[in-house]
Each structure stands twice: as structure tokens, then as C-alpha cells.
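Position one of the sequence shown corresponds to residue 4 (this note's numbering), numbered consecutively onward.
Quick reminder that beta carbons are idealized off the backbone N, C-alpha and C, glycines included.
Just so we're clear, the structure is a prediction, and the values are computed from it rather than from any experiment.
Inspection log for the structure reproduced underneath, given as C-alpha cells.
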Amino acid sequence: MKEQHEIYVNGSDMRVVYKKDEINCVRKSRRFTPFSKSEQKEECSMTKKHHERKCISPENNKFRIAQFDDGGIVYVCMSFTLRSNNVIQVTQGAWRSTNAPDLCENMYVDDWPWIASWNPEPTVCPVAGGFTFRTKSRLTNQDVCKDDWRRSKLEIECLKGDGMDFFAPKGSNCNPFLSQGEWKRLYCLGGWTYGNHSFMIAAGDDNNHHFCIRFPAKPYKEFVALLYFSPICPIHEDGQPSTGIDYYELHLNRTDRDECEDENEKFCQNHAQKGMCEKSNNRYLPHCRKTCGLCNNKEHFWTEVSFSELVRGKWLLFEKNKEERVVINRTHIYFSNLGHFVCLERVSLPAQYLYKLVSNFNNGCSEIIELKRPHNNILQFRLGRSFREDKNHIEMCNFKKDTYSDRIESRYRSPQRRNLLREGELWESPCGLSGTIPFEAVLGGHKCTGNVSDWNAITCTYNTHVQITSNNCIGVKTESKYKCLAFLNDEFDLSEKMSTQVILTQAMDGSNEFICWVLTTFPGDDFEYPETRIYKMPNLQCSSFEYVNQHLIKNKNNYFHLLYDKKSKATVCEPAINPTLSRPQNDENITYRVIEQPVPSSKTIKITAKPPISSRSNRTASTNAKYHSFPESNCNQFEQHGNATDLCSCVADTRLLLNDPDVLQGQMLRMENAIANLNITVARLQADKDLLSQQVSTQTKLITQLQAENSKPAFFAVVTGSSSIGNDQTLKFASVKTNQGGCYDPITGVFIAPSPGLYHFTCVTYNINNADDIHLQMNKNNDVLVNGYSSGSSEAESLVMNIVVNMTKGDHIYVQHRGTSGIDQVRGNLFSTFSGFKL
Numbered sequence: 004m005k006e007q008h009e010i011y012v013n014g015s016d017m018r019v020v021y022k023k024d025e026i027n028c029v030r031k032s033r034r035f036t037p038f039s040k041s042e043q044k045e046e047c048s049m050t051k052k053h054h055e056r057k058c059i060s061p062e063n064n065k066f067r068i069a070q071f072d073d074g075g076i077v078y079v080c081m082s083f084t085l086r087s088n089n090v091i092q093v094t095q096g097a098w099r100s101t102n103a104p105d106l107c108e109n110m111y112v113d114d115w116p117w118i119a120s121w122n123p124e125p126t127v128c129p130v131a132g133g134f135t136f137r138t139k140s141r142l143t144n145q146d147v148c149k150d151d152w153r154r155s156k157l158e159i160e161c162l163k164g165d166g167m168d169f170f171a172p173k174g175s176n177c178n179p180f181l182s183q184g185e186w187k188r189l190y191c192l193g194g195w196t197y198g199n200h201s202f203m204i205a206a207g208d209d210n211n212h213h214f215c216i217r218f219p220a221k222p223y224k225e226f227v228a229l230l231y232f233s234p235i236c237p238i239h240e241d242g243q244p245s246t247g248i249d250y251y252e253l254h255l256n257r258t259d260r261d262e263c264e265d266e267n268e269k270f271c272q273n274h275a276q277k278g279m280c281e282k283s284n285n286r287y288l289p290h291c292r293k294t295c296g297l298c299n300n301k302e303h304f305w306t307e308v309s310f311s312e313l314v315r316g317k318w319l320l321f322e323k324n325k326e327e328r329v330v331i332n333r334t335h336i337y338f339s340n341l342g343h344f345v346c347l348e349r350v351s352l353p354a355q356y357l358y359k360l361v362s363n364f365n366n367g368c369s370e371i372i373e374l375k376r377p378h379n380n381i382l383q384f385r386l387g388r389s390f391r392e393d394k395n396h397i398e399m400c401n402f403k404k405d406t407y408s409d410r411i412e413s414r415y416r417s418p419q420r421r422n423l424l425r426e427g428e429l430w431e432s433p434c435g436l437s438g439t440i441p442f443e444a445v446l447g448g449h450k451c452t453g454n455v456s457d458w459n460a461i462t463c464t465y466n467t468h469v470q471i472t473s474n475n476c477i478g479v480k481t482e483s484k485y486k487c488l489a490f491l492n493d494e495f496d497l498s499e500k501m502s503t504q505v506i507l508t509q510a511m512d513g514s515n516e517f518i519c520w521v522l523t524t525f526p527g528d529d530f531e532y533p534e535t536r537i538y539k540m541p542n543l544q545c546s547s548f549e550y551v552n553q554h555l556i557k558n559k560n561n562y563f564h565l566l567y568d569k570k571s572k573a574t575v576c577e578p579a580i581n582p583t584l585s586r587p588q589n590d591e592n593i594t595y596r597v598i599e600q601p602v603p604s605s606k607t608i609k610i611t612a613k614p615p616i617s618s619r620s621n622r623t624a625s626t627n628a629k630y631h632s633f634p635e636s637n638c639n640q641f642e643q644h645g646n647a648t649d650l651c652s653c654v655a656d657t658r659l660l661l662n663d664p665d666v667l668q669g670q671m672l673r674m675e676n677a678i679a680n681l682n683i684t685v686a687r688l689q690a691d692k693d694l695l696s697q698q699v700s701t702q703t704k705l706i707t708q709l710q711a712e713n714s715k716p717a718f719f720a721v722v723t724g725s726s727s728i729g730n731d732q733t734l735k736f737a738s739v740k741t742n743q744g745g746c747y748d749p750i751t752g753v754f755i756a757p758s759p760g761l762y763h764f765t766c767v768t769y770n771i772n773n774a775d776d777i778h779l780q781m782n783k784n785n786d787v788l789v790n791g792y793s794s795g796s797s798e799a800e801s802l803v804m805n806i807v808v809n810m811t812k813g814d815h816i817y818v819q820h821r822g823t824s825g826i827d828q829v830r831g832n833l834f835s836t837f838s839g840f841k842l
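Laid out in C-alpha cells, this is it:
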């Protein structure tokens, strides 16, 4: 019989709906209930009843609630603790027939937390690391792994946000979730610590079945966890749930990637006596490394390698409602939210930078990352799936989206690359539109018109910003400008007949908003002119048209239809009496437009202006009066002065000019146009001068930065609020008091040496309460320099670590939890400090 409660809350009103299956709708095998492949359908019936509740008064985060039943009104006091966006833990008192004064006394924690029924998002699990385990059923007291000589494996948070992976040897029955199969992944929906235990609510990809797993609050090398096949989390010591709830003991042993050991010591020693270790192809050999003397084999240990200098630096990841900092130095990559990684291997492939990484947990999960630097301002990356075992890069190069959520903003993995923006000063970049282009837009379902342009009519050059002008587009300013950061081609086009480019921009209205524009070109209906659309994306993640498809699911009517045809795309130079058009190099498809302006004359003289052409055969002008061309030999004196040759055809023989005033008028107009072109050339040279000035300014800033790096750095930072730390986490001293040289990062808690030399570092921490031990260590890169410990024998026990260490440029110093004591509490409020300086 299955029972389910649905709770609906609206303001002060609450409705509780009880659903109960009188006959099981699906009959499944014994302990594999949620995931068994064999299921037998039956007729089922369900009864429902509901209760209406109303909050009548709050009382210090406790709420007095009245429930209206057929038999009358009953009262209860409840309080709610938000464990995550998906999970609420409830504490309540006894039901009373009256709203008694002591209604909110003697309250207890409900073993059944409330779980959100809408689309939940995974959270970080409260426990992390790699473990081996054996499974024992609490209902039958049976060791279900007794026939397996190898232990099963549990990997928690191999990569931050990965969740939990349960692995069992092939043919094993030890995986509590599967009667058949070797791997099952669960995602954490919420986690918390209460008393001596840490709890987590987990679910599979389908989110149909929920589980609770209870760990010791301080898990040591070996410990026991309880796995409940219902979302029930008992807090009492024996952990026994309600009658009929299936649950298991997981006997766990924390693993260490660098520790050489056998998976089953007794089994390995017995097979070693039979000559197993002498046979290089023996299938048991990789599982008996210690017995067979493979611990010193270099193939089983990893060393750091370097990232390409092209990808090193500080970067920013902008996504919807999320901003993350990414730092890449010689050997490490740091994601402020995702985690820290060490580079193990660089794979050389054409036009690719593939790196094999290992996460900075003790268990050391492997990850493949592809990095590409398509532009000075942009670094692109994509991640493959995580592996606990060390595999070759061919097996690991599987770039797929995360299975739990299809939303492009939600996670890090996807087949397409994500864009990282260079932190600091950004270089100006061409926009790629190559002119002023009219458009017809559909924005929010409304049609409008306007122009989009990167053309500068004054200097006759392309701008490094995009300008959008419109008088009738809803939600678009009359004139909007966006600074161009990069113009890129999409390497993941869906069709050979479609071309896609992306323009990454920054709004110039002071909002500092980063926007991506995706240009797609399809063959038109008549196949003569292409149909081109430009889509405005909400952030910089648009390296492929696939992102546009995802975006259009929510924004079906939001695009600009660019009107490319023979008469539309314009590059008009101004000012000129009768403008001469400039044709940019390598752009033969642009159609130019001539603007007729009045000619200051009593007679109307029509002149068709053309781009400046050096060929002498084309030095002619057409007027409505007869005029004579000038003999070519008389131009030689002008040809000696470069561009003055265009003036040659404007000078006529004095005798001819006096006889024909119309010729004089026409030639004077040509001379004025030539002078206007010279003014445009001067403007272009001025623009080049301005660009060179900007480059000199940038170089000056770089020199200043290098001088700062070579100065003696010093920092001092403190913990402001009390901090919970565990599972090899880095302790972050977020409040910076001194940071000369800017080498300490309060986001990551890491100091990066700007230059080689001798450095001194000090860390002082205090615990909060009695029985709160603190286990910390100070690391240089991945090496532990000193361990620290303070006992919880009394309140505010101190822990002090001091080191003097030689460092090279790019080395990291940070304070890390030792990962052996569960969750420790560090006192904030300016008590706990971290400081260092170069000697």
C-alpha cells in the first residue's frame, strides 16, 4: 500500500491532500522496487481526502495552525527549515483540540521532509569523495555482497554537482538500486547536518523516486551509512524507519587515488601464490597492485603538465543569473563554483587543445576539457563526463549535455563550446556586418523596421561597435550601441547550406550588459538572394546555432530579418558635395548607393560619382554640355605628386576653358570632390593615429601590471561570518584587509605567487563550540606543507600554522580542510585570519 501527501501553500492557507493506493498499481521484485525492469501491471484504486489548514499567528519562526476537519478544528504548531530550493524540513508539536499557550513547546522533527514536485535543480551533496562499499539489508540482515570478491564503488561529487555514482562489478548483486547493471547515478536535491548525522535527499534522472541517505556528520576512513528507499530521514540513533520501509546499510571505506592497495587483500594473496603476479595479462592483476608489487610502477602515478600559454589567464563565465570566475595558470584551472583541477596530459590534435584533468579531491576524478582561443577576448571550453578511473583521451572525449536538465543555462557540459570572456581590459574588434543594413524585425510578436550598422560614414571605415536605429520597435531604443568584442564563425553548423556567425558585444549604455548576436543565412526562396536573420541572445553563450534553437523554444518571435539585396547594404561616405563611395577591400558583393545633392550653379550639371580609380582610361566626366579632355602628356607634372593625378583631368587648357564655361564648371566640381576625398583620407589617418594611441595606452598598462607583479606582494584576509568546512574544501577568507599586488583571490581563497622567491604565510583559526574539532592543512599547489589541528575541549580553541617556503611564479598557497573529519565549524567575526608576504 502506497501513501502520498501533497501540500499546497498559498499565503496563510495550506491544503494537504492524502493519496492512498488500496491495491498496488505496479508489483515489482523485492528490494529493487524503484528500478526493477520486471514489473507486472494490475488494476489499482486510490482514495483521496484532504484537510484545509490556516496559519492563525506566527511566533518566532513558529506558526500556530488550525486544521478544519469534519469533526471540528484541531491545532498544531509547526516550523519550517529550508534545506535547499527543493527540500523543506518540518518541525511540529502535538495536535491539540485547543489553541493552548504551550502549543509550540515539546516540538519534534518530522522524519518526512517536504520535497518540491516541480522541476527540481540538483544541489551540491554535503558529502564528497570516493568510497568502496558493501551492502547489507536491514530488513533481512543479509549481506547481499557476500559472493563478490571485489567491493563495489561509490563516487560522490566526482565533479562538483555530479551527484552520486554507484558502481558494482560485472555480474554483481551488490548495487542496491539494480538487479542487473553496473552503474546508477543519483542527484542530490538537498543536504543538511542535524546532530551526529548528515542527510541528503537524492533522486534519479526521472525524479519519480526519492531516497534519503544518512551519513555520520564526521565520516572517517571507515563508516556506515543508511540508505532508505523512501524520502524518510530518521534522526534517532538506531535509524529505524516506519514499518515496511526498505533500507540498507552501506559499509563504506574512503579511498585515496595516491594510496596503493589491494581491492581484496586475502583474495590477492591466495592468487599470488598461484603465480598470478607473474602473468602480465592476468585479469586480477590491476586489482592486486600492492600484493604484486606494482606500487612503484610509474604508469600508475600522474605528474602535472602545463597548459598552453595561449589559454592561461583570468576569465569570466556569464550565464543567465550566474557569473563565475575561471583562472588558468601553468598547471591548474580554477572554477569559482565548479571546483579546482590539475592538468595531467595535453593531447595534440589539429586545431584543438585537449587536456586531461584531475579534480582536487583526494579521490582524484578525471575529466577531459577542450580549450580554444578563437579571439584575444574569448576563450571557449567544453567538458566531457567525469571518470573515476584513469582512461585514455579517446574514451573520455564524449561531449554531451548533462542528463538531468536540458536547459542550456543550468550546467557546464554540452556538445557546444561555452564562451569565457577575458577579465580586465578588452580589445576592440571588427563587427563583421560590413555596412548599414535595413531590417524588418519581429520582437515579442510585433513587427517593426530599422537599420543595423557597423559603418562610419565620417571616416569611411568600419566601426568597432554595432548601432541599431529604429523608431517603431517595441523594447528597442531609438538608437542603441554595442561594443564588438569578437566576430566568430560557427563550427557546428547544422547544414552545409546554412552559414552562421556570432558577434559578441557589450552594451554601451552603461549597463555593462553582455549580449551575443547570432547571424544565420539560408538560401532564399528564389535561391538568388539569401535570407539572413540575426537573433539577440540573452548572454554570451551562443557559440553554436544549437543555442538559438534552445532559446527560440521560449522566444519564438524574437529576431531581426536583414534585407540583403542589390540595393540595400550601403557604405556611404560623408561629407562630400556629391559623395564618392568607398569600397572596402575583399567585399565585392556590397552594392553602393549614391546620394544626389544640389550643385551650386545657375545651371544644373549631373555628375555620376564613382570610387576613385587609378586607370587613366577612365578619367572622364559626363556633363550636359560639351567639354574637351585634356592631353595626357600635360598631366606628367601632376603624376610626380602621387594622388594629384586625379586633379590632372580637372585642369583644362585656359584657351578651351574660356571658350566653354560649362567645362570650367564641371572641372571645378570634380576638383571639389577630389578635395573632399583628400579630407576623408586625412580623417582615416587621424583614426589610425587614435588606434595607435590606444595601443600605446594598452602597452603602458601592461608594463604597469608587470611592474606590479615584480613588486613584493602582501595580503591579510579574515573570515567574517562563521564558516562550515569539510570534504577537502578550501577555506575562504573572504574579507580582504590588505592585498598589495592583488595576488590573493578572496573568491577562491588562493594566493598566486607573481614572481619566484621566499615567502612567509600564517593562518590562525578558532572553533565555535565545545566538541568542535578543526582539521586543516596549508598546501602549496597539491603538496601539503603543514597540518593543523585544534581540539574541541573548550570553546574558541585556536589553530596556528606558519610556513616559510620557496615559490616559483604561478605557485598556489591555500588553506584546505583535511577531509577526514566530516564538517568542521570555523569562527568568523574577525577571529580567523590568513596572511602572507614575500621576504
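Give every residue of the same chain whose Cβ lies closer than 6 Å to the Cβ of residue i, excluding the five residues on either side of it in the sequence, and list them in chain order.
i: Gly825; result: Ala220, Lys221, Pro222, Gly729
i: Ile59; result: Arg67, Ala69
i: Ser92; result: Note on identity: in this sequence residue 92 is Gln, with Ser being the wrong assignment. Excluding positions up to five away in sequence, the list reads Thr84, Arg86, Pro116.
i: Glu264; result: Lys293
i: Asn454; result: Thr439, Pro441, Thr472
i: Cys280; result: Cys295
i: Ser838; result: Phe719, Thr765
i: Thr94; result: Ser82, Met110, Val112
Give me the residue from the options with the minimum Cα distance to residue i.
i: Asp827; options: Met511, Leu436, Ser725, Cys576; result: Ser725
i: Asp72; options: Arg821, Lys57, Pro61, Met81; result: Lys57
i: Met810; options: Ser758, Gly839, Ile771; result: Ser758
i: Arg349; options: Val329, Ser311, Lys139, Asp241; result: Ser311
i: Asn475; options: Leu491, Thr503, Leu446; result: Leu446
i: Leu192; options: Gly164, Gly198, Lys480, Gly174; result: Gly164
i: Asp748; options: Gly387, Ala489, Glu482, Val330; result: Val330
i: Phe384; options: Leu424, Lys486, Thr467; result: Leu424
Excluding the 5 residues flanking residue i on each side, which residues of the same chain have their C-beta closer than 7 Å to its C-beta?
i: Val787; result: Gln780
When DSSP labels each residue in this structure, what does residue i get in the three-state scheme?
i: Asn730; result: coil
i: Ile771; result: coil
i: Asn273; result: helix
i: Lys282; result: coil
i: Lys221; result: coil
i: Thr684; result: helix
i: Gln828; result: strand
i: Arg212; result: According to the sequence as given, residue 212 is His; it is not Arg. Three-state result, His212: coil.
i: Ser738; result: strand
i: Phe840; result: strand
i: Pro441; result: strand
i: Leu347; result: strand
i: Thr703; result: helix
i: Gln544; result: coil
i: Met511; result: coil
i: Ala460; result: coil
i: Ala131; result: coil
When burial is assigned at 16 or more other CB atoms within 10 Å of the CB, is residue i buried or exposed?
i: Val803; result: exposed
i: Cys298; result: exposed
i: Lys841; result: buried
i: Arg286; result: exposed
i: Asp150; result: exposed
i: Asn542; result: buried
i: Tyr111; result: exposed
i: Trp121; result: exposed
i: Ile381; result: buried
Step through the CB atoms of chain D and report whether any lies within less than 8 Å of the CB of residue i.
i: Ile477; result: Checking the listed chains, one finds no chain D in this structure; it contains a single protein chain.
Length at least 3, wholly inside the segment 67–129: the beta strand (DSSP E) runs in chain order: 75–85, 90–95
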